[in-house]
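Chains as they are written, first to last, in the numbering used here: chain S, 1276 to 1389; chain D, 256 to 370.
Quick look at the structure:
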């Protein structure tokens, strides 16, 4: 039972264009959503997050949108750059009162071409 | 400030051997986590420790034990390694005293092969 799903395993975008990565979830108890970026042979690094009470959060070239009624979130990267080529993981969390347990999607490999 | 460090980076074990993966963080975080990443499956939580002296099971705890040695260190032990435990293992930490516990910071990973 996969509670966080990323249905596109890969995405190819031209440099300068918009990259849109999608994520769906099933558990309505998730209270925070995060995007992580991962380069080969490195650990995931935090990119951007959004609280379940918001519908948009922006940080420079990165914007995350949350549609709670559809249980869907997306990450927009504008403009895309070659250095953005990586695997992007969507994650969701439920705060237990003592710790946040992250549930990850399977990842989308983004390739930004010249 | 090294963040989250993990040792070793690579390890090959024979079936039935035991080993301990080490993790340390220098960010004064309260919570620490162990994940495994398998091809096409994202990261799955093995065990976590909300604070020093406490540990709890995650999604895939079978075959593993953990120790929260102190606030900085959280180790993962495989008592009798199996080929199904071939994976990349990531340690993470989160939750300084003055912030909510959402963002987790990851180490570089340990690539383990069990033959």
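Every residue gets a Cβ at the ideal spot worked out from N, C-alpha and C, and that includes glycine.
Check, Outcome
"Counterpart residues of residue 287 (chain D) in DSSP-defined beta bridges", "D:304 and D:348"
"Residue 352 (chain D), buried or exposed, once every other Cβ within 10 Å from all chains shown has been counted against 16", "Any reading at residue 352 (chain D) is ruled out, since the residue's pLDDT is 48, under 50, leaving its predicted position unreliable."
"Rounded straight-line distance, which links the Cα of residue 273 (chain D) to that of residue 336 (chain D)", "6 Å"
"Amino acids of chain D, ordered along the chain, whose beta-carbon sits closer than 9 Å to that of residue 1300 (chain S)", "Neighbours of residue 1300 (chain S) on chain D: none; closest Cβ ~13 Å, over 9 Å."
"Contact with chain D by residue 1290 (chain S), beta-carbon distance below 9 Å", "no"
"Three-state secondary structure assigned by DSSP to residue 311 (chain D)", "strand"
"Simplified DSSP state of residue 1289 (chain S), which is helix, strand or coil", "strand"
"First and last residue of the uninterrupted beta strand (DSSP E) at residue 261 (chain D)", "259 to 262"
"Partners in chain S for residue 295 (chain D), counting only beta-carbon separations shorter than 9 Å", "1284, 1381 and 1382"
"Beta carbon proximity, residue 1305 (chain S) to chain D, threshold 9 Å", "no"
"Bridge-paired residues (DSSP) for residue 1333 (chain S)", "S:1338"
"Status (buried if at least 16 other CB within 10 Å, exposed otherwise) for residue 1389 (chain S)", "exposed"
"For residue 1348 (chain S): DSSP bridge partner residues", "S:1298 and S:1341"
"Local conformation of residue 339 (chain D) per DSSP, three classes", "helix"
"Beta carbon proximity, residue 309 (chain D) to chain S, threshold 9 Å", "yes"
"Contacts around residue 364 (chain D), its chain only, beta-carbon distance under 6 Å, and the 5 residues preceding and following it disregarded", "343 and 345"
"Nonlocal neighbours in the same chain, by C-beta distance under 7 Å from residue 284 (chain D), ignoring five residues either side", "348, 349, 350 and 351"
"At least 3 beta-carbon pairs within less than 8 Å: the segment 297 to 309 of chain D vs the segment 1375 to 1382 of chain S", "yes"
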